[in-house]
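Protein chains in written order, with the UniProt record's numbering: chain A, 1 to 375; chain B, 1 to 375.
If you want it as structure tokens, here you go:
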């Protein structure tokens, strides 16, 4: 059987799936692998021109699915709430739709965004910079349901489990993540059944998903089937093995949580189809983009023109953890230029000029740099 | 400036954009390039589990954009109809919405689908097998508008030009394609302003696009701004250079037009995150998928189990050029198996067992093969 026909087979090192840092096959300085291409073909990103929009349409919002997109019949679907609660519950969508409803604008970003720019490069979903998107999420406040269930005082975490099932790092499991109890009780954490005013698309977690504003996307469990309040920390694969900042495969590391401050720019001018190099006419052009952080409000964005940094104009905050628009007028003079942008948040955190390297390729919020040719 | 920062610069051979077959950088036996990864990150495909659905939701339907997704203000937008007609016209969306309306179910596929499976591999958008989708397209029959404009008897083609602009093969242009007059006058060719009953998403051509049932996607021009009836064949880049079946860079080749017969299967079982290898429990499983052809109705689908071919059960045709569902029960016994499917259409055309190689990597409708591990 020719390799070209059995593309679902591993075309990379056979050891890949057995790697200790099971979210990845370990860093490489080698070329892009077929596994990375397959993941990149499944998991779509947000073309950067969509940064012009406050809200990202569903088909442009980034999507990462670890396993397959489940095919769920809402009529037979239930959400189970159990564990260290006074009253366990089984809820239908009809019941959830009768509960109090909130809508929160949220910028979600994949924790692996920027991974493929790392050197050496962890082999996993090969995001460049577009693993992001902003949407209005509508549904039931998680805190309301936990209040109804009655959380026991000695509870420490809440575990969220989706329907999606597969194998990662040799471990069969359904996708599951936990939140510390104090995060789960935040008023803006929502069990969403609508995205931008319409039913959740299948790839975004239909019929119900968790949305945790300010945290990287891995916390916002999709296709949610159970919520369990626990009295000891959750040890599931996606919590203990994947989504950690590790220096090496042997390093226990620290958990990935809130989104690191980042800004991105709409690439100006027009692209070359194959290389995506940008071409621009000389003269005035309004550079624009968005900036966001899970750590605190974005307080400033600087734009770098060939390495010289200038302050950008910030629009009013969009509220919550939604990204903030920035603009900067520029007069493009003929020749080659490198444009970049760098955001800082209210905690003083700012984007690094050099790559933010770690073993799994998490949270690489290095400044974006765009090469343009003017003339 | 480090390469990892200037990802929009070419990381491949500098000659890429100057290649004679300008849709690609020419075939290679080398590893996947950064250009291919960038294109794969922008252009999203349809995860194969979406083959379970008659209609593909917008965010799961494949998208290929040669250049950037235009940001169009419908209120200032006009469609111009000109050339060899009795009466040139400028139409607003409001005017078009008052015209007769049709809805057609159409399976669209990218002409480059299957390209990355080719050996040697043309360097361009690196589709594996998922560059496909099916939607209901609603809008004005093109034939109605051409009738209103009054096509001159010596007209030979109709040229469709989008707003999207960029450079390909060193040639700056707006994306444009032509149709022979007899194809343009087909009753099922539609100027669509709605997809699956809702406004066109930006990436699918908002506010108006052409949809040519039965043809590969390159004919269905998005962000349509002008329609020109011409009396000599159109020589634009996307007609004369790109989208041709060529044996080599020097071969003038033949134009890509109708979709070659193809079938795809929903990969059974559960995946490994990284390798996408499939694991399956022993016992009965219903294999299912879809088949389509731009050449004629799909008349049969065979399913291959470890190379032995058996007929699949075909559902009723969905009508027009929409894909047709097929199923086949299988009892999975422990061990490794290779599953495949092969469709035949009413012209007698069937899918090849070996790759359908050509210089630009067009129309590779080789049978899909999926490796599964049972047990």
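Just so you know, even glycine gets a beta-carbon here, dropped at the ideal spot from N, CA and C.
Asked, Found
"With distance defined between alpha-carbon atoms, name the residue in A/93, A/146, A/65 and A/205 nearest to residue 181 of chain A.", "A/146"
"Just to confirm the assignment, what range does the alpha helix (DSSP H) spanning residue 264 of chain B have?", "Note, residue 264 of chain B: premise wrong, no alpha helix (DSSP H); beta strand (DSSP E) at 262 to 265."
"Please classify residue 127 of chain B: is it buried, with 16 or more other beta-carbons within 10 angstroms of its beta-carbon, or exposed?", "buried"
"Assuming contact is defined by CB atoms lying nearer than 9 Å, are residue 377 of chain A and residue 289 of chain A in contact in what I supplied?", "The shown model of chain A, from 1 to 375, leaves out residue 377 of chain A, and the question about it has no answer."
"My output table needs one value for residue 38 of chain A: the three-state DSSP class, helix, strand or coil.", "helix"
"Does any residue of chain A have a CB that is nearer than 9 Å to the CB of residue 127 of chain B?", "yes"
"How would you label residue 310 of chain A, buried or exposed, when you count the other beta carbons within 10 angstroms and need 16 or more for buried?", "exposed"
"Express the C-alpha separation of residue 81 of chain B and residue 73 of chain B in angstroms, rounding to a whole number.", "19 Å"
"Can at least three beta-carbon pairs, one atom from the region 89 to 100 of chain A and one from the region 240 to 247 of chain A, be found at a separation below 8 Å?", "no"
"Pull the bridge partners of residue 176 of chain A from the DSSP assignment, please.", "A/161"
"Give every residue of the same chain whose Cβ lies closer than 6 Å to the Cβ of residue 139 of chain A, excluding the five residues on either side of it in the sequence, and list them in chain order.", "190, 191, 192 and 193"
"To the nearest angstrom, report how far apart residue 343 of chain A and residue 365 of chain A are at their CA atoms.", "10 Å"
"Taking DSSP as the reference, what is the three-state secondary structure of residue 182 of chain A?", "helix"
"Taking the straight line between their C-alpha atoms, what separation do you get for residue 233 of chain B and residue 157 of chain B?", "6 Å"
"Anything in the region 266 to 300 of chain A with a Cβ closer than 7 Å to a Cβ of chain B? List those residues in chain order, please.", "267, 270, 271, 272, 273, 274, 275, 276, 277, 278 and 279"
"Return the CA-CA distance between residue 56 of chain A and residue 33 of chain A, expressed in angstroms with no decimal places.", "30 Å"
"Using 8 Å as the cut-off, classify the Cβ of residue 146 of chain B as near or not near the heavy atoms of the ligand MG, replying yes or no.", "Although the ligand MG was asked about, the structure shown includes no ligands whatsoever."
"Contact criterion: CB-CB distance below 9 Å. Does residue 67 of chain A meet it with respect to chain B?", "yes"
"Do residue 114 of chain B and residue 129 of chain B have their CB atoms nearer than 9 Å?", "yes"
"What does DSSP give as the partner residue(s) for residue 136 of chain B in the beta ladder?", "B/105"
"Just to confirm the assignment, what range does the beta strand (DSSP E) spanning residue 130 of chain A have?", "That residue, residue 130 of chain A, is in no beta strand (DSSP E); it is neither H nor E in DSSP."
"Report the three-state DSSP secondary structure of residue 88 of chain B (helix, strand or coil).", "coil"
"If you draw a straight line from the alpha carbon of residue 213 of chain B to that of residue 368 of chain A, how long is it in whole angstroms?", "40 Å"
"Take residue 22 of chain B and list the residues in its own chain whose beta-carbon comes closer than 8 Å to its own, dropping the five residues that flank it on each side.", "Here residue 22 of chain B scores only 46 on pLDDT, less than 50, and its place in the model should not be relied on; the value that follows carries that caveat. The answer, listed in chain order, is 168, 169, 170, 171, 237, 241 and 242."
"Please confirm if residue 38 of chain A has its CB atom under 9 Å from at least one CB of chain B.", "yes"
"Taking the C-alpha atoms as reference points, what is the distance between residue 286 of chain A and residue 374 of chain A?", "14 Å"
"What's the gap between the Cα of residue 360 of chain B and the Cα of residue 102 of chain A?", "50 Å"
"Determine the burial state of residue 272 of chain B: buried for a count of at least 16 other Cβ atoms within 10 Å of its Cβ, exposed for fewer.", "buried"
"Candidates A/177, A/208 and A/144: which alpha carbon is nearest residue 186 of chain A's?", "A/144"
"Suppose contacts are defined by Cβ-Cβ distances below 9 Å. Is residue 109 of chain B in contact with residue 292 of chain B by that definition?", "yes"
"Between the Cα of residue 59 of chain A and those of A/53, A/67, A/46 and A/68, spot the shortest distance and give me the residue it belongs to.", "A/46"
"Per the DSSP calculation, residue 341 of chain A is bridged to which residue(s)?", "A/303 and A/368"
"For a contact defined as C-beta to C-beta under 9 Å, what are the partners of residue 225 of chain B on chain A?", "Those do not exist, as residue 225 of chain B stays about 16 Å from chain A at its closest Cβ, beyond 9 Å."
"Return no unless some Cβ of chain B is closer than 9 Å to the Cβ of residue 236 of chain A.", "no"
"Which two residues bound the contiguous beta strand (DSSP E) that contains residue 46 of chain B?", "Counting along the chain, residue 46 of chain B falls outside any beta strand (DSSP E), and DSSP gives it neither H nor E."
"For residue 270 of chain A, which residues in the same chain have their Cβ closer than 6 Å to its Cβ, ignoring the five residues on either side in sequence?", "279"
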